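Written out below as structure tokens is the structure these notes cover.
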Amino acid sequence: MAEEICIWFIGPDRTGLIAHITNYLFDKGVNISDIACTATGDNAELTMIHTLPRGVTMEEIEKDLKGMPELSDGTLEVGPYHFKEARGPSSTVTHRFTLAGDDIPGLIAKISKTLDEHGANIVRMNSETHQGIHSVVNISRFAISLRQEKAPDCLAAIVRIACELKLTFRYEAT
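Shown next as structure tokens:
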């Protein structure tokens, strides 16, 4: 059975960071199973799940990656991945939506609670703030898994929150 590993990195964000890592792994014959990356402030965070080919060890990958100059000023961890790789129905994105407007404390908590109350699973979420013309603006994006029969009530609840807080709301079903 093929060995699966998780590579996690956080450090200064720079152009080409993902290219350096993924090209090295490709050259080693490593299959990328799943990858998530984000830029938070001036940093990049990467979480990658990989399947190693025969003859390539986790220790070899870790040693080589830690020797890369592009990763030297960050934190890198490489370890075995023991979780189920296959995505279940609750990790399949069925709806995406974006809320935008003034930065409101507690918004993510309120939206997350509403999604939970309607049986939705947050598959991916991104929230960022920046200085607008008159105030700090927040843009929050959600990719969720939601059973079709629950979608109308759940989305209506999110729209109510958006209206109460004077946020713009945009969504799409996938």
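Residue 25 is where the sequence shown starts when you use the numbering used here, and the numbers rise one by one after that.
C-beta: ideal position from N, C-alpha, C; glycine also.
Quantities reported herein were computed from a predicted structural model and do not represent experimental measurements.
- For I42, the secondary structure class from DSSP, reduced to helix, strand or coil, is helix.
- The alpha-carbon separation between V183 and A60 amounts to approximately 28 Å.
- Note that the C-beta distance between F107 and L70 is not below 8 Å.
- Taken through DSSP and simplified to helix, strand or coil, V183 comes out as helix.
- Beta-bridge pairing by DSSP links M149 to F166.
- Here P93 carries a helix assignment [DSSP, helix/strand/coil].
- By the neighbour-count criterion, in which a residue is buried when 16 or more other Cβ atoms sit within 10 angstroms of its Cβ, A186 is buried.
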